[in-house]
Amino acid sequence: MGELNLTTPKIISFLEKQKNIIIKNEINSALKKAYEFNTDLLGFGDIIYKQHPEKWKELENNWDQHWNELNVKIKVNSKIREVEMITKPLIPEKE
Numbered sequence: 004m005g006e007l008n009l010t011t012p013k014i015i016s017f018l019e020k021q022k023n024i025i026i027k028n029e030i031n032s033a034l035k036k037a038y039e040f041n042t043d044l045l046g047f048g049d050i051i052y053k054q055h056p057e058k059w060k061e062l063e064n065n066w067d068q069h070w071n072e073l074n075v076k077i078k079v080n081s082k083i084r085e086v087e088m089i090t091k092p093l094i095p096e097k098e
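Whatever position you read off the sequence shown (first residue = 1), add 3 for the working numbering.
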């Protein structure tokens, strides 16, 4: 409810970048809490178990000590889709 046209590629790109930042911050926050409580609440152990079972055999007995030593890289690439459902602003843009 304003004069900003949310359907322009420039605005959509800006909103996607902002969305990516927010999502990344939320994931970082969850990871910090997991470290604080010393628990693998994000399931890294399950991923290692499924994708690298031989490595899991080495780590499983001491997983509580190893899990927070993981090098976690967070990459977010979200997209805003179906913008055709967004209508033009109620207040016309100022020229």
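Ideal Cβ placement from N, Cα and C applies to all residues, glycine included. The model shown is predicted, which means the values in this text are computed figures rather than measured ones.
An exposed status is given to residue 49, since fewer than 16 other beta-carbon atoms sit within 10 Å of its beta-carbon.
For residue 36, the enclosing alpha helix (DSSP H) covers residues 12-39.
One Cα belongs to residue 34, the other to residue 85, and the distance between them is close to 31 Å. Put simply, the backbone Cα of residue 14 is about 27 Å away from that of residue 32. Between residue 79 and residue 41, the CB-CB gap reaches or exceeds 7 Å. Inclusion of residue 30 and residue 77 in the CB contact set at 7 Å is warranted, their separation being smaller than that value. Close CB contacts of residue 26 within its chain, under the 8 Å cut and outside five residues either way in sequence, are with 79, 81 (chain order).
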